[in-house]
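S.K.: The structure is given below, and queries will be raised subsequently.
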Amino acid sequence: MIFQAGDSDEGREFAAATADAIFSRHGTLEAGQAFYADVKGRLAKYGRGRDSLKVLPAATFVLGDTDAEAREHAAHVRRRQVSGQTAIKLLEQVWNRDLSAHDPDGPLPDVDPVAGENTVAKGRASVRMTRDPLDQARKWRQLAAEKNLSIRDLMIEVSARQTFVGSPRTVADSINDLVQRDAGDGFILVPHITPGGLDTFADTVVPLLQERGVFRTEYTGTTLRDHLGLPSLS
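Counting from 1, one number per residue, gives the positions in the sequence shown under full-length UniProt numbering.
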């Protein structure tokens, strides 16, 4: 099996031509539907059916006995995932400047990003510039002003949001809704705790998906290809 990860036009074309599954970072309904339609729409010219390529967005989740409890826990998880140092490094990916002297609990820098090839000091994490860093900075400044967000708060807001947050029933409903509305064929679950982070999901959400008839109750084959519902190679 070939799993492809890449959001560029070339990556999507490669997936349509050769891959069995493509990872996606588009976890919201609108973005997921657009990505799904684009990739699936490329298959026909390669003589492939729509079921020959599975679109599998990455998905994080936080569960609670109630939706309110899950939201509270999700906020706690996000703050632990994005330290002050991490927030500055994330901001540098767009600003293309050394911002280490800035207070992560303070406001965004007054200076604008530097467009072009990233020149952040050697030894820092590799970075991926946005297509238009000035526009990105404008949007982030607007968001920070609207919600009174510090640098760290903003980075949590834009980079550490969980895909599914709620009670098991709420999460099961959300997953089913996205799949039924063609935002993905399934999800690659990314727990915030490993290796046991999937246990609660398997014990509480999966049975609800099975009740809805959208998740298998037993295996019907012996290979991963079978489990994903991909066409046989024979």
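Every residue, glycine too, gets a C-beta built ideally from N, C-alpha and C.
#1: Pick from Ser24, Arg78, Ala16, Ala5: whose alpha carbon is nearest that of Gly49?
#2: Where does Gln162 sit, in a helix, a strand or coil, going by DSSP?
#3: Compute the Euclidean distance between the alpha carbons of Asp173 and Val179, then round it to the nearest angstrom.
#4: Contact defined as beta carbons within less than 8 Å: I believe residue 265 pairs with Leu56. What is the distance between those atoms, to the nearest angstrom?
#5: Counting only runs that start and end within the stretch 73-103, where is the alpha helix (DSSP H) found for 4 or more residues in a row?
#6: So, with DSSP's three-state summary, where would you put Ser24?
#7: Is there at least one non-hydrogen atom of the ligand ZN closer than 7 Å to the beta-carbon of Arg169?
#8: Is it true that the CB of Met155 sits closer than 8 Å to the CB of Val82?
#9: Answer yes or no: does any C-beta atom of chain B fall closer than 8 Å to that of Gln162?
#10: Across the stretch 59-72 and the stretch 94-113, are there enough close Cβ pairs to call them in contact, namely three or more that are closer than 8 Å?
#11: State the start and end residues of the unbroken beta strand (DSSP E) segment that holds Pro207.
#12: What is the DSSP secondary structure of Ala5, counted as helix, strand or coil?
#13: Do you know how far the Cα of Ile2 is from the Cα of Thr18?
#14: Relative to the C-alpha of Val214, which residue among Leu224, Leu228, Thr222, Thr223 is closest?
#15: Just the C-alpha distance for Gln4 and Lys45, rounded to the nearest angstrom, thanks.
#16: From the DSSP output, which residues share a beta bridge with Lys54?
#17: Taking only the alpha-carbon atoms, compute the straight-line gap between Ala70 and Thr170 and give it to the nearest angstrom.
#18: For the putative contact between Phe35 and His26, defined by C-beta atoms under 8 Å, what is the C-beta separation to the nearest angstrom?
#19: Would you mind listing the beta strand (DSSP E) stretches within the stretch 164-195 that are 3+ residues and don't spill past its ends, in chain order?
#20: The beta strand (DSSP E) with Phe215 in it runs from where to where?
#21: Please report how far the alpha carbon of Val111 lies from the alpha carbon of Leu91, in whole angstroms.
#22: So Leu143 and Leu134 are supposed to be a Cβ contact under 8 Å. How far apart are they, rounded?
#23: Taking just the CA atoms, how far does Val190 sit from Gly197?
#24: Assign Gln85 to one of two classes, buried (16 or more other C-beta atoms within 10 Å of its C-beta) or exposed (fewer than that).
M.R.: So, to answer that:
#1: Numbered from 1 along the sequence shown, position 49 holds the residue referred to as residue 49. Measuring from the Cα of Gly49, the nearest candidate turns out to be Ala16.
#2: The sequence position of residue 162 within the sequence shown is 162, counting from 1. DSSP places Gln162 in coil when its eight states are reduced to three.
#3: Indexing the sequence shown from 1 puts residue 173 at position 173. Indexing the sequence shown from 1 puts residue 179 at position 179. Distance between the alpha carbons of Asp173 and Val179: 10 Å.
#4: In the structure displayed, the chain extends from 1 to 234; residue 265 sits before or after that span and is not available.
#5: 84-95
#6: Start at 1 with the first residue of the sequence shown, and residue 24 comes out as number 24. In the structure shown, the three-state DSSP call for Ser24 is strand.
#7: In terms of ligand content, the structure shown is empty, and the ligand ZN therefore cannot be addressed.
#8: Residue mapping note: residue 82 aligns to position 82 of the sequence shown, counting from 1. Residue mapping note: residue 155 aligns to position 155 of the sequence shown, counting from 1. In contact: Val82 and Met155 (Cβ atoms closer than 8 Å).
#9: The structure shown contains no chain B; it is built from a single protein chain.
#10: no
#11: Position 207 of the sequence shown, counted from the first residue, corresponds to residue 207. Not the beta strand (DSSP E): Pro207 falls in the alpha helix (DSSP H), residues 206-211.
#12: Indexing the sequence shown from 1 puts residue 5 at position 5. In this structure, Ala5 counts as strand in the three-state DSSP scheme.
#13: Start at 1 with the first residue of the sequence shown, and residue 18 comes out as number 18. Start at 1 with the first residue of the sequence shown, and residue 2 comes out as number 2. Approximately 7 Å between the Cα atoms of the pair.
#14: Here residue 214 is taken as the residue at index 214 of the sequence shown, counted from 1. When only C-alpha atoms are compared, the closest one is Leu228.
#15: Position 4 of the sequence shown, counting from 1, holds the residue named residue 4. Position 45 of the sequence shown, counting from 1, holds the residue named residue 45. Each residue's Cα considered, the two are about 19 Å apart.
#16: If you number the sequence shown from 1, residue 54 lands on position 54. DSSP links Lys54 through a beta bridge to Ala21.
#17: Against the sequence shown, residue 70 aligns to sequence position 70. Against the sequence shown, residue 170 aligns to sequence position 170. Straight-line Cα distance between these residues: approximately 10 Å.
#18: If you number the sequence shown from 1, residue 35 lands on position 35. If you number the sequence shown from 1, residue 26 lands on position 26. Contact flag correct, Cβ pair sits at about 4 Å.
#19: 164-166
#20: Against the sequence shown, residue 215 aligns to sequence position 215. First-last for Phe215: undefined, no H or E at that position.
#21: Start at 1 with the first residue of the sequence shown, and residue 111 comes out as number 111. Start at 1 with the first residue of the sequence shown, and residue 91 comes out as number 91. Spanning the two alpha carbons is a distance of roughly 12 Å.
#22: By 1-based counting over the sequence shown, the position of residue 143 is 143. By 1-based counting over the sequence shown, the position of residue 134 is 134. No, Leu143 and Leu134 are not in contact; Cβ-Cβ is about 15 Å, not under 8 Å.
#23: As a working mapping, residue 197 is identified with position 197 in the sequence shown. As a working mapping, residue 190 is identified with position 190 in the sequence shown. Gly197 and Val190: Cα-Cα distance of roughly 9 Å.
#24: Translated into positions along the sequence shown, residue 85 becomes position 85. With fewer than 16 Cβ atoms within 10 Å of its Cβ, Gln85 is classed as exposed.
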